[in-house]
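Residue numbers (UniProt numbering): 1 to 643.
Ideal placement from N, C-alpha and C gives every residue a C-beta, glycine not left out.
All remarks here apply to the structure that follows.
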């Protein structure tokens, strides 16, 4: 009887443990001999983020691992292809109502990673794909880090680009790991570090080559292989075959000695602060707070450093600058999706007319995406310059070791330079980048339509002529669209797609798909595009002759700019405020810390802006007359462009 009762208790315990395990959706683990393999996989997203649920499950799993006497070490790995952990959940931060709530979030993250750092059982972070923000903070809290040499594997702290700072121990651990100069460079620029550079910096201990395809796909094989290496590594650490601390070389010892002097560190703080002020004019608070947190930790110790980090993280999260930058981030994410659906045909061959700066630039961002690219010009000299521009762009990547010379030559094999229309019968899309003359555009359009297949799309890169006027010469106006790239094409992120009332949805979907493949942030606008730039430049020229205060000039510039942006939305040129903000910031140079013209109206107040415009209107005339939509928002303070 007692035995039956015992079996019943065991059964209930087993059921309870199974229920606890099965309830987990983001973190799971299995024990391989004496190594716990902890797998991360957010089922609701393409990437892993440190959400509330993820953190809760991770703490549960780590507690079980630490309590299991059979487990001697652990491996932390992601089951998601191309992503380790992409950072903290931004929505989780935005859901907080006060700075104090955000500070508490930061402190909870700090405590979790401190437990990992002080783990009695070594934890190996096996990194494949993006390891950013909170993901990197998690990784550097582990005792050992292995990373794949995949192109997708990058490490970084991009929080500064959201108006934030690394808030889970990053400002304190990173300087100790890679030194002050490198830590400042990472945190203040937000740039990504590739695996091989991370190894040289001391950010990771070991690199693993990615595997090619086999019975399984390359990503799956690479993750399995990475796990095998990490498990053996974890055992090696426990068996003392792998040392956690490498013997420092002479240069590192000299560097440590030099950095032990306070005046040397103060000079670094001063230099970094000066660079930040020169570049940001003090308009972005996050970089200055990062310097403050690092300095506090180094000079006053970890307790003061972690406190400064969490408090500053909370304060920054509730600044208007952070709200603006996070808004732009959400905008970029939205503009990297094709809301027009999947095109009927994939563009496999793209022809470009005109091998000038713009045409060659478009070719440059196309050939390396596996698209067969035809570059046509009317002269040998022009074509040669265009081909050289494409080669130089790729060769620069070779010099920076982003690609190998073999990869460069392989990419260049996708490019065909020519003076005639040979091969255009296979083109899926033609982008013209010829002179801004309507007669030339019409002539080119007719020549192209005579040789391309019926499904081929004709796109114009014009920045001066209305697309509907160009399309007027077409036999297939539904296949005509504008694709306005910004110069230099390989550097500027924005692509403005201009439709007419006759442009088909599939044509728009195809243009967006090509732009996304080229790595662009895309806005789709109506036929009256670029009025913002026209009026902005006109206002700038007018101001040159006026003797006004800086503040007066700024508000007149902003008010004209914003009014034209709102008018574009009012007249249906813009689809939504979000795309208007993205276009203004990435295409016309509107200050990112203001978030774009529509977010500026929300934060500044439409009523206050209209009041200023009425004063300017009385002096300078109807060029400052507010549009109706702006007046509507001024009358009702509850109306916002962004919810």
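Exercise for the section: Decide if residue 429 is buried, meaning its Cβ has at least 16 other Cβ atoms within 10 Å, or exposed. Expected result: buried
Practice task
Taking 7 Å as the cut-off, decide whether the C-beta atoms of residue 155 and residue 116 are in contact.
Solution key: no
Problem - Segment contact, 8 Å Cβ cut-off, at least three pairs: the region 306-314 with the region 102-113 - result: yes
Exercise for the section: Using three-state DSSP, classify residue 103 as helix, strand or coil. Expected result: helix
Exercise for the section: Along the alpha helix (DSSP H) that carries residue 610, what are the first and last residues, could you check? Expected result: 606-620
Handout entry: Buried versus exposed call for residue 507 [16 or more other C-beta atoms within 10 Å across all chains shown]
Key = buried
Practice task
Go through its chain and collect everything with a Cβ distance to residue 457's Cβ below 6 Å, but skip five positions before and after it.
Solution key: 429, 479, 507 and 510
Handout entry: Under 7 Å between C-beta atoms of residue 641 and residue 590
Key = no
Practice task
Apply the 10 Å Cβ neighbour rule to residue 128 and answer buried if 16 or more other Cβ atoms are within range, or exposed otherwise.
Solution key: buried
Practice task
Using 10 angstroms around the beta-carbon of residue 643, count the other beta-carbons present and answer buried if the total reaches 16, otherwise exposed.
Solution key: exposed
Problem - Unbroken alpha helix (DSSP H) run spanning residue 656, endpoints - result: This structure cannot settle anything about residue 656, because the visible part of the chain is limited to 1 through 643.
Problem - Classification of residue 23 by the beta-carbon crowding that lies within 10 angstroms, buried from 16 upward - result: exposed
Problem - Exposure of residue 339, with buried meaning 16 or more beta-carbon neighbours within 10 Å - result: exposed
Exercise for the section: Use the C-beta contact count for residue 138: other C-beta atoms within 10 angstroms, 16 or more gives buried, fewer gives exposed. Expected result: buried
Handout entry: Residue from 348, 61 and 362 whose Cα sits closest to the Cα of residue 492
Key = 362
Practice task
Would you mind reading off the limits of the alpha helix (DSSP H) that contains residue 593?
Solution key: No alpha helix (DSSP H) holds residue 593; DSSP gives it neither H nor E.
Handout entry: Inter-residue spacing [alpha-carbon to alpha-carbon] between residue 71 and residue 63
Key = 12 Å
Practice task
Since I believe residue 130 is in contact with residue 223 (beta carbons under 8 Å), could you give me their beta-carbon distance rounded to a whole number of angstroms?
Solution key: 14 Å between Cβ atoms; not a contact.
Handout entry: Delimiting residues of the alpha helix (DSSP H) encompassing residue 633
Key = 628-635
Handout entry: Where residue 432 sits in the DSSP three-state scheme
Key = strand
Exercise for the section: To the nearest angstrom, report how far apart residue 297 and residue 229 are at their CA atoms. Expected result: 35 Å
Exercise for the section: Specify, as a first and last residue, the run of the alpha helix (DSSP H) that residue 225 falls within. Expected result: 218-238
Exercise for the section: Note down, in chain order, each residue of its chain lying with its Cβ closer than 7 Å to the Cβ of residue 526, except the 5 sequence neighbours on either side. Expected result: 499, 572 and 573
Practice task
Measure from the C-beta of residue 591 to each C-beta in chain D and report whether the shortest distance is under 7 Å.
Solution key: No chain D appears in this structure, which consists of one protein chain only.
Problem - beta strand (DSSP E) segment containing residue 483, residue limits - result: 480-485
Handout entry: Same chain, Cβ closer than 6 Å to residue 11, neighbours up to 5 away in sequence not counted
Key = Confidence at residue 11 is low in this model, with a pLDDT of 39, below 50, so the placement of that residue should be treated as unreliable; the coordinate-derived value is given next. Same-chain partners within the cutoff: there are none.
Problem - Contact between the region 281-294 and the region 313-327 (3+ Cβ pairs under 8 Å) - result: yes
Exercise for the section: May I ask which residues mark the beginning and end of the beta strand (DSSP E) holding residue 385? Expected result: Note, residue 385: premise wrong, no beta strand (DSSP E); alpha helix (DSSP H) at 380-399.
Exercise for the section: Keeping to the same chain, check which residues put their C-beta closer than 6 Å to that of residue 152; ignore five residues upstream and five downstream. Expected result: 82 and 129
Handout entry: Three-state class that DSSP yields for residue 3 in the structure shown
Key = Residue placement at residue 3 cannot be trusted, given a pLDDT of 43 that sits under 50; what the coordinates show is reported in the next sentence. In this structure, residue 3 counts as helix in the three-state DSSP scheme.
Handout entry: Reduced DSSP category for residue 641 - H, G, I as helix; E, B as strand; rest coil
Key = coil
Exercise for the section: Give the DSSP bridge partners of residue 88, in chain order. Expected result: 50
Handout entry: Close-in-space but distant-in-sequence residues of the same chain around residue 502 (CB under 6 Å, 5 per side omitted)
Key = 477 and 478
Problem - For residue 403, three-class secondary structure by DSSP - result: coil
Exercise for the section: Would you be able to state if there are at least three C-beta pairs under 8 Å between the region 374-383 and the region 418-436? Expected result: yes
Handout entry: Residue closest to residue 579, alpha-carbon to alpha-carbon, out of 123, 494, 611 and 559
Key = 494
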